[in-house]
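Heads up: the structure comes next, in structure tokens.
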Amino acid sequence: METTAASPRLGFGIGTDGSYTRGGQVLAFALGLWTMLAFLPLLFVGAILYTRAEERFAEDPQGARRLVTWSWLCVSVLPLVPVAIGAVVYAFAA
Numbered sequence: 001m002e003t004t005a006a007s008p009r010l011g012f013g014i015g016t017d018g019s020y021t022r023g024g025q026v027l028a029f030a031l032g033l034w035t036m037l038a039f040l041p042l043l044f045v046g047a048i049l050y051t052r053a054e055e056r057f058a059e060d061p062q063g064a065r066r067l068v069t070w071s072w073l074c075v076s077v078l079p080l081v082p083v084a085i086g087a088v089v090y091a092f093a094a
């Protein structure tokens, strides 16, 4: 008796061949554009910090690593802070 393994559930907007569906492409573009516009100041801060880290690495590697860490925080974790604050405000306003 031959059995087949269940196929993994694909993420939203991902076709059976692993590529984006048309709706997935549109949604990814729209969300990426919204994120870029909403958090543009942090994007600039992150880029400036990373550039300063590259300039500083030869003379102060530890300080450069600290700047790189902050640059990554600016484009990954820190944008979630206003989202969390907005969610809390929305929860208490409702």
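Each residue of the sequence shown is one higher than the one before, starting from 1 at the first, in the UniProt record's numbering.
Cβ atoms here follow ideal geometry from the backbone N, Cα and C, with glycine treated the same way.
Please read these numbers as outputs of a predicted model, since none were measured by experiment.
Each residue's CA atom was taken as its position, placing L67 and A53 some 6 Å apart.
For G46, the enclosing alpha helix (DSSP H) covers residues 40-56. Within its own chain, the residues whose Cβ lies closer than 6 Å to the Cβ of G15, once the five positions on either side in sequence are excluded, are T21, listed in chain order.
Rounded to the nearest whole angstrom, the CA to CA distance from A93 to V75 is 29 Å. DSSP places V75 in the uninterrupted alpha helix (DSSP H) bounded by 61-76.
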